[in-house]
Amino acid sequence: MLRLAVVGLLLLLAVLSPAIASDVTGRASVNDGDTIEIHGQSARLHGVDAQAAGWRRAQR
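The numbers in my numbering rise by one with no breaks, and the one at position 43 of the sequence shown is 489.
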């Protein structure tokens with residue numbers, strides 16, 4: 447029973463632990479309003495609300 451509790455606790459800690467991030471350096475290109483690309487790696491910017499590429503402006 448103790449073994450099951452320890453395994454469960456370890457699994458819970460593994461799921462809840464933050465992801466390990468690495469620094470990415472280089473020239474960034476902007477794909478659309480909230481997405482950038484550096485060395486082939488695409489990243490969306492959290493908290494930025496922008497239209498996607500290819501969307502037309504709303505008609506009035």
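For glycine and all other residues, C-beta sits at the position ideal for the given N, C-alpha and C.
Whether residue i touches residue j by CB criterion (7 Å)
i, j, result
"residue 484", "residue 474", "yes"
"residue 494", "residue 480", "yes"
Option in the options with minimal Cα separation from residue i
i, options, result
"residue 487", "494, 493, 477", "477"
"residue 489", "469, 455, 452", "469"
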